[in-house]
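Notes follow the structure.
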Amino acid sequence: MEKVQGKRQLQKIATREHIIETAMSVYIAQGFSVPTHTIAQKAGVAHGTIFVHFPTREALLFQALERFSDDIGNKLHGLSAANSDIEILLKAHLEIIGENEVFYKYLIHELPNLSLEARNLFISLNSIASHHFFIALQRGIENGTLKQLSTHMTYNTWLGLIHYYLQNSEFFSPSGESVIARYKDDLLNSYIDLIKK
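Here it is, written out as C-alpha cells:
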C-alpha cells in the first residue's frame, strides 16, 4: 500500500511539473491571459486536472512566474558570487533575459493586470538583480573604474533601457528577431560608457 501511495505522489508531482512547464510554453506563445483549457489541451490532461493542482488560473500563472523568477535569481546568485565585474554581470543579465525574452516581455507588458502576489514576485526578482548590481557597482566605484552614482537610479536606468527596447520591439526589430540578441552589444556598451570614469 505504501508503494502505491508513493507512486501516486510521484505521479502527482510529475503531472504538476508538466502542467507548469506546459503553461510556461503556452504563455510564451500566447501571453498570460490564455484560458486554462488551452493549457490542459496542450499538456494532454483533462481540464479539471489543472484545478486539482491549481485552484485558480491565477495560481497556475503565479507558479509559472515563480519558476521563472527562481531560475533567474539562481543564475544571478551564481554570477555574482563568481564575478565582481559589472560588465560581466550586465552581459549575463542580458543573456538571461534574452533566453526568456518572450516570457519576460509578456511579464513586463501584462504586469499591471497581474495579481498583487505576482507583481510582488516581479519586485522580488528585481530586488535580487539590483542587489547583485549594487555589489558590482560598489566594487567598480571602490576600484575607481566607475563613477560615483546613485545605485537605485543606475539600476533603474539599466532596467528602463532594457524594458524600453522590449516593449517597443516592433520598432527595433520589425522582422521579429530577438531584440536582446540584436542590440545586446549596443545596450551594454552604451550603458557602460555612461557609468565608467
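Each residue of the sequence shown is one higher than the one before, starting from 1 at the first, in UniProt numbering. Idealized CB from N, CA, C, for every residue including glycine.
The alpha helix (DSSP H) enclosing residue i, as first and last residue numbers
{"i": "lysine 147", "result": "Segment: none, lysine 147 is in no alpha helix (DSSP H) and carries neither H nor E."}
{"i": "alanine 46", "result": "It is not in any alpha helix (DSSP H) - alanine 46 carries neither H nor E in the DSSP assignment."}
{"i": "valine 179", "result": "179–195"}
{"i": "asparagine 120", "result": "116–142"}
{"i": "serine 169", "result": "169–172"}
{"i": "glycine 98", "result": "86–99"}
Distance CB(residue i)-CB(residue j) smaller than 8 Å
{"i": "leucine 79", "j": "lysine 184", "result": "no"}
{"i": "isoleucine 97", "j": "isoleucine 180", "result": "yes"}
{"i": "leucine 159", "j": "alanine 118", "result": "no"}
{"i": "leucine 90", "j": "tyrosine 191", "result": "yes"}
{"i": "phenylalanine 68", "j": "asparagine 100", "result": "yes"}
{"i": "isoleucine 39", "j": "threonine 22", "result": "yes"}
{"i": "isoleucine 88", "j": "leucine 149", "result": "no"}
{"i": "glutamate 110", "j": "glycine 176", "result": "no"}
Rounded C-alpha distance that separates residue i from residue j
{"i": "glutamine 63", "j": "glutamine 11", "result": "18 Å"}
{"i": "methionine 24", "j": "phenylalanine 122", "result": "16 Å"}
{"i": "valine 34", "j": "glutamine 41", "result": "12 Å"}
{"i": "histidine 53", "j": "phenylalanine 133", "result": "36 Å"}
{"i": "threonine 36", "j": "histidine 47", "result": "7 Å"}
Assigned secondary structure, residue i (DSSP; H/G/I helix, E/B strand, else coil)
{"i": "aspartate 71", "result": "helix"}
{"i": "asparagine 113", "result": "helix"}
{"i": "residue 211", "result": "Residue 211 lies beyond the stretch modelled for the chain, which goes from 1 to 197, so this question has no answer here."}
{"i": "phenylalanine 32", "result": "coil"}
{"i": "glycine 6", "result": "helix"}
{"i": "serine 25", "result": "helix"}
{"i": "glycine 176", "result": "coil"}
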